[in-house]
Amino acid sequence: MTVRVRVTSDLDVATLSAIRGLLDAAFAGQFSDDDWAHALGGTHATVEIAGDIVAHASVVPRTLDLRPHRLRVGYVEAAAVRPDLQRTGLGSEVMRALADVIARDFALGALSTGEWLFYERLAWERWQGPTWVRYPDGRRERTPDDDASVMVLRTPGTPALDVSAPLTCEARAGDAW
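With the first letter of the sequence shown counted as 1, position 102 gets the number 203 in the numbering used here; the numbers rise by one all the way through.
This is the structure in structure tokens:
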């Protein structure tokens, strides 16, 4: 087993294609082109076995408003393990590799998931406050369906946080969170 950490620009076409294939399989065809676009432009952690990519997650820069702070966060996207290898520790491997990147490069980690127990074992905390999206014109809109899905990972650079406060992300194509 080999764990690799690389930025998007260092991934060749074959590697990107293998990652996308893994994501399509792991999400049973429910991984959209917008989801794929969200996963690019940051740092990718992969696990390879016998030359095949069997696990992946990426962390991309985003800006979140946590009054009174506006923080540059490492936002985790496209976390997946090949279906036949799920629950074997490979997801933890890629997430530990990205936790190091988040701690080094960002004030906070964030992600959206329904797999709370998995991430809680890795020191992620559920955000308890209401979630919002911020549009380029300054308008904000509530995203109540996302309230229970956002989790954060504190880093050495994380300011004091109230996890019950409102949390706002910038608008983007596809899922805001």
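All C-beta atoms, glycine included, are put in the ideal place defined by N, C-alpha and C.
Which of the three DSSP states is assigned to Gly275 in this structure? Coil, per DSSP.
Could you tell me whether the Cβ of Pro231 comes closer than 8 angstroms to any Cβ of chain B? Any reference to chain B falls outside this structure, which holds one protein chain only.
For my contact list, Ser118 and Gly143 are in at a C-beta cut-off of 8 angstroms; report their separation, rounded to the angstrom. Incorrect: roughly 18 angstroms between the Cβ atoms, too far for contact.
Have a look at Thr259, Gly239 and Thr269 and flag the residue whose alpha-carbon is nearest the alpha-carbon of Val251. Considering only alpha carbons, the answer is Thr269.
What do you reckon, are the CB atoms on Val174 and Val106 nearer than 8 angstroms? Contact flag unset, no.
Taking the alpha-carbon of Gly215 as reference, which of Thr164, Trp225 and Asp263 has the nearest alpha-carbon? Ranking Thr164, Trp225 and Asp263 by Cα distance to Gly215 puts Trp225 first.
Leu254 by DSSP, collapsed to three states: which one? The three-state secondary structure of Leu254, taken from DSSP, is strand.
Which residues mark the beginning and the end of the alpha helix (DSSP H) in which Gly223 is found? Just to set this straight, residue 223 is Leu in the shown sequence, not Gly. Counting along the chain, Leu223 falls outside any alpha helix (DSSP H), and DSSP gives it neither H nor E.
State whether the stretch 188-203 contacts the stretch 134-151, with contact taken as three or more CB pairs (one from each stretch) at a distance under 8 angstroms. In this structure the stretch 188-203 touches the stretch 134-151; the number of beta carbon pairs closer than 8 angstroms is three or more.
Measuring alpha carbon to alpha carbon, tell me which of Phe132, Ala127 and Phe207 ends up nearest Arg183. The shortest Cα separation from Arg183 among Phe132, Ala127 and Phe207 belongs to Ala127.
According to DSSP, is Gly142 helix, strand or coil? In the three-state reduction of the DSSP assignment, Gly142 falls in the coil class, being assigned neither a helical nor a strand state.
Leu167 to Arg243, Cα distance in whole Å? Straight-line Cα distance between these residues: approximately 14 angstroms.
Distance between Pro169 and Leu262 (C-alpha atoms, nearest Å): Distance from the CA atom of Leu262 to the CA atom of Pro169, rounded to whole angstroms, is 10 angstroms.
Within 8 angstroms, strictly: CB atoms of Ala200 and Leu165: Going by C-beta atoms, Ala200 is not nearer than 8 angstroms to Leu165.
Thinking Val155 and Leu191 are a contact (beta carbons under 8 angstroms), I'd like their distance in whole angstroms, please. With a beta-carbon spacing of about 6 angstroms, Val155 and Leu191 fall inside the 8 angstroms limit used to define contacts.
Identify, in the order they occur along the chain, each residue of the same chain with its Cβ nearer than 7 angstroms to the Cβ of Ala266, setting aside the five sequence neighbours on each side. Leu167, Arg168 and Gly230, listed in sequence order.
Please return the same chain residues whose Cβ sits closer than 7 angstroms to the Cβ of Asp206, not counting the five positions on each side in sequence. Scanning its chain for C-beta atoms nearer than 7 angstroms, with the 5 sequence neighbours on each side dropped, one finds around Asp206 the residues Gly175, in chain order.
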